[in-house]
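2 protein chains.
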Amino acid sequence: MPAIPSGALGALDPTSDRAVFRQIADQLRDAIDKGRFSEGDKLPSETELVEHYGVSRMTVRNSLSVLQGEGLVFSEHGKGVFVRPRPPVRRLASDRFARRHREQGKSAFTVEADAAGSHPTVDSLEIKEERPTQDIATRLGGPRRVLARHRRYLLDGRPVEFATSYLPLDIARGTQIAEPNPGPGGIYARLEELGHRLDHFEEEIRARMPAPHEVRSLRLAAGVPVIHLIRTAYDTEGRAVEVCDTVMAADAYVLAYQLPAT
Amino acid sequence: MPAIPSGALGALDPTSDRAVFRQIADQLRDAIDKGRFSEGDKLPSETELVEHYGVSRMTVRNSLSVLQGEGLVFSEHGKGVFVRPRPPVRRLASDRFARRHREQGKSAFTVEADAAGSHPTVDSLEIKEERPTQDIATRLGGPRRVLARHRRYLLDGRPVEFATSYLPLDIARGTQIAEPNPGPGGIYARLEELGHRLDHFEEEIRARMPAPHEVRSLRLAAGVPVIHLIRTAYDTEGRAVEVCDTVMAADAYVLAYQLPAT
DNA sequence: GAGGCAAACTCGTATAGACGAGTAGGTGGG
DNA sequence: CCCACCTACTCGTCTATACGAGTTTGCCTC
Numbered sequence: 001m002p003a004i005p006s007g008a009l010g011a012l013d014p015t016s017d018r019a020v021f022r023q024i025a026d027q028l029r030d031a032i033d034k035g036r037f038s039e040g041d042k043l044p045s046e047t048e049l050v051e052h053y054g055v056s057r058m059t060v061r062n063s064l065s066v067l068q069g070e071g072l073v074f075s076e077h078g079k080g081v082f083v084r085p086r087p088p089v090r091r092l093a094s095d096r097f098a099r100r101h102r103e104q105g106k107s108a109f110t111v112e113a114d115a116a117g118s119h120p121t122v123d124s125l126e127i128k129e130e131r132p133t134q135d136i137a138t139r140l141g142g143p144r145r146v147l148a149r150h151r152r153y154l155l156d157g158r159p160v161e162f163a164t165s166y167l168p169l170d171i172a173r174g175t176q177i178a179e180p181n182p183g184p185g186g187i188y189a190r191l192e193e194l195g196h197r198l199d200h201f202e203e204e205i206r207a208r209m210p211a212p213h214e215v216r217s218l219r220l221a222a223g224v225p226v227i228h229l230i231r232t233a234y235d236t237e238g239r240a241v242e243v244c245d246t247v248m249a250a251d252a253y254v255l256a257y258q259l260p261a262t
Numbered sequence: 001m002p003a004i005p006s007g008a009l010g011a012l013d014p015t016s017d018r019a020v021f022r023q024i025a026d027q028l029r030d031a032i033d034k035g036r037f038s039e040g041d042k043l044p045s046e047t048e049l050v051e052h053y054g055v056s057r058m059t060v061r062n063s064l065s066v067l068q069g070e071g072l073v074f075s076e077h078g079k080g081v082f083v084r085p086r087p088p089v090r091r092l093a094s095d096r097f098a099r100r101h102r103e104q105g106k107s108a109f110t111v112e113a114d115a116a117g118s119h120p121t122v123d124s125l126e127i128k129e130e131r132p133t134q135d136i137a138t139r140l141g142g143p144r145r146v147l148a149r150h151r152r153y154l155l156d157g158r159p160v161e162f163a164t165s166y167l168p169l170d171i172a173r174g175t176q177i178a179e180p181n182p183g184p185g186g187i188y189a190r191l192e193e194l195g196h197r198l199d200h201f202e203e204e205i206r207a208r209m210p211a212p213h214e215v216r217s218l219r220l221a222a223g224v225p226v227i228h229l230i231r232t233a234y235d236t237e238g239r240a241v242e243v244c245d246t247v248m249a250a251d252a253y254v255l256a257y258q259l260p261a262t
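Chains as they are written, first to last, in UniProt numbering: chain W, 1 to 262; chain E, 1 to 262.
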């Protein structure tokens, strides 16, 4: 039984000065790109690759770890190494916080997920009064203490993002914003009810590799970066009334913005 | 001479079921986070770590490769392993293509870089007529052939992004847009002169690990993701007149957007 | 037939050793 | 004084081996 699909993988070039493990990684990557292994498919086992190429197992593992680092494959202990499927991505539109989307009753996350036919969950809700970090304090205009709302979002059981909202205590203390359920329309609706009519948002976007706690919290596979989004909400008086710090699994999102050409 | 700063690294916990190479990675990560090694500092050599922990060299290398994958350190053959410095980031504001920024003579990239005191270069300029990919064709409304402008941007000699603009041939052929130097204000200025008054842009943002050719082209260190940005420019008649596909080194950028709360 | 158990397979971790190749510093000769 | 070379040190690549732990399969027993 040809465990390796015939023709899927070639031979090594001993005259090349490219390292053997890189050549093997190249061939596997190429085979994946060309569709000879498709999403979810099991790659040949380490033992099979060892026999096919006539190299030691550590060399094969080195090749596979290259592909893992590129986010192309993932491994499961006892099962094998598989081509990483691209999960369905959630598209975040730049008007997702527009007032008109707030009229209904549910949160932006829930509405979107329902529309996409997936099952949304919110998790690890924690609400505390804290001393803000220097960065958060600066963005909020320097309050000594803030209300922090930590939460994690899951789609169909998969964690996809976690976020913390920071609000100046003088705005949020004692209001429904400090409650686990902020009510219909979320905290932006409550802020407007409290007289802070929202004017605009500023979002900063970075991408980087996750810290270990982010890998755990989002159950990230190797080779999956995170998108780090920091949003500041300003009211019509120019005051920053909320900062939301969000970390998203990069393979689950595409962010979409519409910009005027003015 | 204590090659390892005293107290910087602790001992292994043999009772822990956490793998030895992970424990070592944890301690190094912790030491970096706590500033016991700062940006650019050389970590203890593999040999020193081997002696300090009493493990084999492959185990130490495994630890270091974990940190490389996280983007925390990089290695230089013959020199050592170093804490990766965070390079200065370029902030891309969402109004960077506003008409008012186009009045001067220079391109957006050049203006920004000069303002930041860095030396900008454009590179690998290539202009071709091509058959568009399915995706590009769809975004542009289905033209059979397009003009493609490939280019790479460098700051102080470091490549930071490469981009390709696609324009329908019926718009761009024979105009200055098809020339290596598109003239003052860039191709958006030319498009408006040609009667395509720009109305708005749509930008899609993804983050992922780079493909091998992207690693080469941007000289990316291990553990640095890329930001993939696809911008479509629409004229006042609702026609998509340009698609720009950009890949950026994620450690060199922060994207900033301003959104109305409407 | 159902359950349990063992074998065979998978990847994970770790050791010990070898050689190669790039770098830096010192030492000697010109 | 400067250059060339040698040496010591660095990380890069690769082999061979061993055992552990999770999964799957199939057989054997009841």
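Glycine included, every Cβ here is placed at the ideal spot set by N, Cα and C.
Given the structure is predicted, the values throughout are model-derived calculations rather than measurements.
Out of curiosity, what's the CA-to-CA distance linking residue i and residue j?
i              : j              : result
residue 131(E) : residue 147(E) : 9 Å
residue 116(E) : residue 90(E)  : 9 Å
residue 107(W) : residue 96(E)  : 32 Å
residue 153(E) : residue 203(E) : 19 Å
residue 253(E) : residue 206(W) : 7 Å
residue 60(E)  : residue 49(E)  : 7 Å
residue 101(W) : residue 143(W) : 30 Å
residue 129(E) : residue 24(W)  : 35 Å
residue 127(E) : residue 216(E) : 21 Å
residue 212(W) : residue 87(E)  : 22 Å
residue 188(E) : residue 238(E) : 15 Å
residue 221(E) : residue 118(W) : 37 Å
residue 256(E) : residue 248(E) : 14 Å
residue 7(W)   : residue 135(E) : 30 Å
residue 11(W)  : residue 231(W) : 51 Å
residue 99(W)  : residue 259(E) : 12 Å
residue 42(E)  : residue 19(W)  : 26 Å
residue 250(W) : residue 36(W)  : 26 Å
residue 58(W)  : residue 245(W) : 41 Å
Under a CB-based cut-off of 8 Å, is residue i close to chain W?
i              : result
residue 257(E) : yes
residue 94(E)  : yes
residue 254(E) : yes
residue 223(E) : yes
Is there a Cβ of chain E sitting closer than 8 Å to that of residue i, yes or no?
i              : result
residue 200(W) : yes
residue 99(W)  : yes
residue 2(W)   : Here residue 2(W) scores only 42 on pLDDT, less than 50, and its place in the model should not be relied on; the value that follows carries that caveat. It does not; no Cβ of chain E falls within 8 Å.
residue 261(W) : yes
Could you check how far apart the C-beta atoms of residue i and residue j are, in whole angstroms? I think they sit under 8 Å.
i              : j              : result
residue 175(W) : residue 194(W) : 6 Å
residue 169(E) : residue 241(E) : That belief does not hold up - the Cβ atoms of residue 169(E) and residue 241(E) are roughly 12 Å apart, past 8 Å.
residue 151(E) : residue 167(E) : That pair is no contact at about 14 Å.
residue 171(W) : residue 200(W) : Not quite, the Cβ-Cβ distance comes to about 17 Å (not below 8 Å), so this is no contact.
residue 9(E)   : residue 31(E)  : 6 Å
residue 27(W)  : residue 223(W) : Actually they do not touch by this definition, with Cβ atoms about 18 Å apart.
residue 78(E)  : residue 45(E)  : Actually they are not in contact, since the Cβ atoms of residue 78(E) and residue 45(E) sit about 11 Å apart, beyond 8 Å.
residue 155(W) : residue 120(W) : 6 Å
Show which residues of chain E have a CB atom less than 7 Å away from the CB atom of residue i.
i             : result
residue 39(W) : Result: empty, since nearest Cβ-Cβ is about 15 Å, beyond 7 Å.
Quick one: which chain W residues come within Cβ less than 9 Å of residue i?
i             : result
residue 32(E) : Simply none; closest approach about 12 Å.
Using the beta-carbon of each residue, which ones in chain W are nearer than 7 Å to residue i?
i              : result
residue 227(E) : 207
Would you check whether the ligand MN has a heavy atom nearer than 7 Å to the C-beta of residue i?
i             : result
residue 16(W) : Although the ligand MN was asked about, the structure shown includes no ligands whatsoever.
Short-range partners of chain W found in the region 191-216 of chain E, where Cβ spacing is below 7 Å: 198, 199, 200, 201, 202, 203, 204, 205, 206, 207, 208 and 209
Residues, ordered as in the chain, of the region 69-84 of chain E that lie near chain W by beta-carbon distance below 9 Å: Of all residues in the region 69-84 of chain E, 69, 70, 71 and 72 have a Cβ within less than 9 Å of some Cβ in chain W.
Where the region 165-191 of chain E meets chain W: residues whose CB sits under 9 Å from a CB there: 188
Where the region 227-250 of chain E meets chain W: residues whose CB sits under 7 Å from a CB there: 227 and 250
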